[in-house]
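First comes the structure, then the notes that go with it.
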Amino acid sequence: MDCRSTKQEQQLKIILSAFILIPLLTISGCASPPQSDPSKVDVECAQQCSSHLASCSSGFKLFPVVAQGQCNDTYDVCIKGCPTRTVAEDVEEDITSNVTERLNKLESLLNSGVISKAEYDKKRQEILDSL
Numbered sequence: 531m532d533c534r535s536t537k538q539e540q541q542l543k544i545i546l547s548a549f550i551l552i553p554l555l556t557i558s559g560c561a562s563p564p565q566s567d568p569s570k571v572d573v574e575c576a577q578q579c580s581s582h583l584a585s586c587s588s589g590f591k592l593f594p595v596v597a598q599g600q601c602n603d604t605y606d607v608c609i610k611g612c613p614t615r616t617v618a619e620d621v622e623e624d625i626t627s628n629v630t631e632r633l634n635k636l637e638s639l640l641n642s643g644v645i646s647k648a649e650y651d652k653k654r655q656e657i658l659d660s661l
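So for the sequence shown, the working numbering puts the first residue at 531; every next one is plus one.
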């Protein structure tokens, strides 16, 4: 009877360990990050997906790893549902960033006294007309 009792105790310990370890691993694990690349889709749609991910990820969760995994999966589905970026959008973004850089540089030249206000105004208008 001692052998049988010991065997039952060991089985009970294994079962109790499983009940303790499984939830502990679920709570303390890591969720994989989203797999989608938002730079390849429409900017506004990607921003909406990112906003939803942020709100989904915030706040108290009973099982944070599971919840974060679900948020990341939802984000991936959202990004995959967005229209892809067009070449025109990429070119427009490049032009806009280039114009912004040129205007910032022009303003710094004015502020440092390298060019006059009249030169600044003339060149600024040329840059804006190039759009």
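Note that beta-carbon positions come from the ideal geometry of N, C-alpha and C, so glycine has one too.
Rounded to the nearest whole angstrom, the CA to CA distance from L592 to Q540 is 31 Å.
C-alpha of A576 to C-alpha of L583: approximately 10 Å in a straight line.
Taking C-beta atoms under 8 Å as the contact rule, T614 and V571 qualify, at a distance of about 6 Å.
Selection A561, F549, S566, K543 evaluated against K610 yields S566 as nearest (Cα-Cα). When the five nearest sequence neighbours on each side are left out, the beta carbons in the same chain lying within less than 6 Å of the beta carbon of P568 are those of A576, I609, in order along the chain. By DSSP's assignment, V571 forms a beta bridge with T614. In this structure, S587 lies near C601, with their beta-carbon atoms less than 8 Å apart. If you look at L658, you'll find it in the alpha helix (DSSP H) that goes 647-659.
Of the other Cβ atoms in all chains shown, fewer than 16 fall within 10 Å of the Cβ of L542; this residue is therefore exposed. Leaving aside the five residues that flank K647 on each side, the residues in its chain whose CB is nearer than 8 Å to its CB run, in chain order, L640.
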